[in-house]
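> Position one of the sequence shown corresponds to residue 48 (our numbering), numbered consecutively onward.
Don't be surprised by glycine CBs; every beta carbon is placed ideally from N, CA and C.
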Amino acid sequence: MSENYVVLLGTKGGPAIRTGSSMPTSNLYHLGRRDIVVDCGLGVTKGLVDQGFALKDLSLIFITHLHSDHFLELGPLIHTAWVAGLKTPVEVYGPSGLEACWHGFLASMKCDIDLRIEDEGRPDLAALVSIHPIAEGAFFERDGLTVSAIRTVHPPLVDCFALSFRTDKVHVVCSGDTAPFDAMSDFARGADLLVHEAMLEAALPALLERVGNGSDKLYQHWLRSHTFAHDAARIAAEAGVKRLALSHLIPSDDPTFTKEDWDAATSEYAGELSVLIGFDGLKIHL
Numbered sequence: 048m049s050e051n052y053v054v055l056l057g058t059k060g061g062p063a064i065r066t067g068s069s070m071p072t073s074n075l076y077h078l079g080r081r082d083i084v085v086d087c088g089l090g091v092t093k094g095l096v097d098q099g100f101a102l103k104d105l106s107l108i109f110i111t112h113l114h115s116d117h118f119l120e121l122g123p124l125i126h127t128a129w130v131a132g133l134k135t136p137v138e139v140y141g142p143s144g145l146e147a148c149w150h151g152f153l154a155s156m157k158c159d160i161d162l163r164i165e166d167e168g169r170p171d172l173a174a175l176v177s178i179h180p181i182a183e184g185a186f187f188e189r190d191g192l193t194v195s196a197i198r199t200v201h202p203p204l205v206d207c208f209a210l211s212f213r214t215d216k217v218h219v220v221c222s223g224d225t226a227p228f229d230a231m232s233d234f235a236r237g238a239d240l241l242v243h244e245a246m247l248e249a250a251l252p253a254l255l256e257r258v259g260n261g262s263d264k265l266y267q268h269w270l271r272s273h274t275f276a277h278d279a280a281r282i283a284a285e286a287g288v289k290r291l292a293l294s295h296l297i298p299s300d301d302p303t304f305t306k307e308d309w310d311a312a313t314s315e316y317a318g319e320l321s322v323l324i325g326f327d328g329l330k331i332h333l
């Protein structure tokens, strides 16, 4: 039986990168014999390669919602896999609107794709990829893997999903982007690992100043659409999960705030569960 693990490829909340920054959200789940990419923020392709993943073996991708830090590199990942030897189908599951984004990418790259098909004999890229909608409840069941979804609270978007990945050996839950809400505890009940977004409350004023071109609207978005680290730990404790990994960190690139600050934010629940503060490339064995 294959080893089960999760790799946090990109752990930064938000699409911007700066000198010394971590990369936006992307993950690799290896469950049973399946390699699953969850979210495709900027840097996902290199993150996969750095883990020794052969891009030509790409087959299954889930996108939690249509914010750029979660799907900006979807098209480039698939295209790069294609030029690296991909010739087998790729299934992509995501919210309404993702198919239009994929077709827009194909249109933007038409001259290159057509040239490589004609000049290099590559297979038709469009024919290899299928886009499927995520629906609440169990929407994917195959080869011993069941994937379920619930909608999260991430206004103004509506089609935002938390995802549960379950085999007969392991249960992993990804929160997606969300404000805290009661149903998450039941959704993640007893999971081996909950990967949950987290925000450090004390760091937000300095982050807003560093962003530079935002306003109080951005600050209010953080407050109504994301989860403080202490609330993520509370949800994990209520759910009785074995381990919590904090990711999609807001902020992840302010040297003023260190791991000790994140640990302090979750210390109330540290006796009840194991809390991992995510960083790019963190591999979590299950």
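1. How many angstroms separate the CA atom of L291 from the CA atom of R169?
2. Within a Cβ cutoff of 6 Å, which residues of the same chain sit near D345, ignoring the five residues on either side of it in sequence?
3. Please classify T313: is it buried, with 16 or more other beta-carbons within 10 angstroms of its beta-carbon, or exposed?
4. Could you tell me the boundaries of the beta strand (DSSP E) in which S211 lies?
5. Tell me whether the beta-carbon of L192 lies closer than 7 Å to the beta-carbon of R81.
6. Could you say which of T72, T66, F186 lies nearest to K59 if we only look at CA atoms?
7. Counting only the same chain and skipping the five closest in sequence on each side, list residues whose C-beta sits under 7 Å from that of H230.
8. Can you name, in chain order, every residue of its own chain whose Cβ lies under 6 Å from the Cβ of M48, other than the five neighbours on each side?
9. Considering only C-alpha positions, which residue in the set C148, P142, A235, L105 is nearest to L75?
10. Determine the extent of the beta strand (DSSP E) in which V54 is found, giving its start and end residues.
11. Does the distance from the CB of D224 to the CB of E244 come in under 7 Å?
12. At 4 residues or longer, and completely inside the region 105 to 187: list those alpha helix (DSSP H) runs for me, N to C.
13. I need the boundaries of the beta strand (DSSP E) containing V219, first residue and last residue.
14. Just to confirm the assignment, what range does the beta strand (DSSP E) spanning D239 have?
15. In whole angstroms, give me the CA-to-CA distance for L262 and L255.
16. State buried or exposed for L95, treating a residue as buried only when at least 16 other CB atoms are found within 10 Å of its CB.
17. Would you check if there are 3 or more beta carbon pairs closer than 8 Å linking the region 200 to 213 to the region 60 to 69?
18. In this structure, does DSSP put F234 in helix, strand or coil?
19. Report yes or no: do the region 198 to 205 and the region 152 to 172 share at least 3 C-beta pairs separated by less than 8 Å?
20. Would S177 be called buried (16 or more neighbouring beta carbons within 10 Å of its own) or exposed?
21. For E319, which residues in the same chain have their Cβ closer than 8 Å to its Cβ, ignoring the five residues on either side in sequence?
22. Restricting to runs no shorter than 3 residues, where is the beta strand (DSSP E) found entirely within the region 252 to 301?
23. Measuring straight from C-alpha to C-alpha, what distance separates F118 and K157?
24. In terms of residues, what are the limits of the beta strand (DSSP E) holding D97?
25. With 16 as the cutoff for other CB atoms within 10 Å, does D327 come out buried or exposed?
26. DSSP on M48, reduced to helix/strand/coil?
The relevant details are as follows:
1. Position 244 of the sequence shown, counting from 1, holds the residue named residue 291. Position 122 of the sequence shown, counting from 1, holds the residue named residue 169. Going by the C-alpha atoms only, they are around 43 Å apart.
2. Outside the shown range of the chain, which is 48 to 333, sits residue 345, and nothing can be said about it.
3. On the sequence shown, position 266 is the one that residue 313 refers to. Result: buried.
4. Working through the sequence shown from its first residue, we reach residue 211 at position 164. It spans 208 to 213 - the beta strand (DSSP E) in which S211 sits, taken as one unbroken run.
5. Along the sequence shown, read from residue 1 onward, the residue named residue 192 stands at position 145. Along the sequence shown, read from residue 1 onward, the residue named residue 81 stands at position 34. For L192 and R81, yes; Cβs fall inside 7 Å.
6. Residue mapping note: residue 59 aligns to position 12 of the sequence shown, counting from 1. Per the Cα distances, T72.
7. For the purposes of this step, residue 230 is taken as the residue at position 183 of the sequence shown. A small fix is needed here, since residue 230 is Ala in this sequence, not His. Excluding positions up to five away in sequence, the list reads I197.
8. Along the sequence shown, one-based indexing puts residue 48 at 1. With a pLDDT of 42 at M48, under the threshold of 50, the predicted position of this residue should be treated as unreliable, though the coordinate-derived value follows. If we look at M48 and ignore the five residues flanking it on each side, it has no Cβ neighbours.
9. As a position in the sequence shown, residue 75 is number 28, starting the count at 1. The candidate whose alpha carbon is nearest that of L75 is L105.
10. Here residue 54 refers to the residue found at position 7 when the sequence shown is read from its first residue. Counting along the chain, the beta strand (DSSP E) containing V54 begins and ends at 52 to 57.
11. Locating residue 224 in the sequence shown gives position 177, counting from the first residue. Locating residue 244 in the sequence shown gives position 197, counting from the first residue. The answer is yes: Cβ separation under 7 Å.
12. 115 to 118, 121 to 130, 145 to 155, 157 to 167, 172 to 175
13. Indexing the sequence shown from 1 puts residue 219 at position 172. Where V219 is concerned, the enclosing beta strand (DSSP E) stretches over 218 to 221.
14. Position 192 of the sequence shown, counted from the first residue, corresponds to residue 239. Taken as a continuous stretch (DSSP letters only), D239 belongs to no beta strand (DSSP E), as it is neither H nor E.
15. Indexing the sequence shown from 1 puts residue 262 at position 215. Indexing the sequence shown from 1 puts residue 255 at position 208. In the sequence under discussion, the amino acid at residue 262 is Ser, which differs from the Leu named in the question. S262 and L255: Cα-Cα distance of roughly 8 Å.
16. The count along the sequence shown starts at 1 and reaches residue 95 at position 48. Buried, by the Cβ-count rule.
17. no
18. In the sequence shown, the residue the question calls residue 234 occupies position 187. Of the three classes helix, strand and coil, the one that applies to F234 here is helix, per DSSP.
19. no
20. Stepping through the sequence shown from its first residue, residue 177 is reached at position 130. Exposed: under 16 other Cβ atoms inside 10 Å.
21. As a position in the sequence shown, residue 319 is number 272, starting the count at 1. Closer than 8 Å at the Cβ level, and outside the excluded window around E319, lie A284.
22. 290 to 297
23. Here residue 118 is taken as the residue at index 71 of the sequence shown, counted from 1. Here residue 157 is taken as the residue at index 110 of the sequence shown, counted from 1. Between F118 and K157, the C-alpha separation is close to 20 Å.
24. Indexing the sequence shown from 1 puts residue 97 at position 50. Not the beta strand (DSSP E): D97 falls in the alpha helix (DSSP H), residues 91 to 97.
25. Counting from 1 along the sequence shown, the entry for residue 327 is found at position 280. Buried, by the Cβ-count rule.
26. Residue 48 sits at position 1 when you count from the first residue of the sequence shown. Only weak support exists for where M48 lies, its pLDDT of 42 falling under 50; the value from the coordinates is given anyway. If DSSP states are grouped into helix, strand and coil, M48 belongs with coil.
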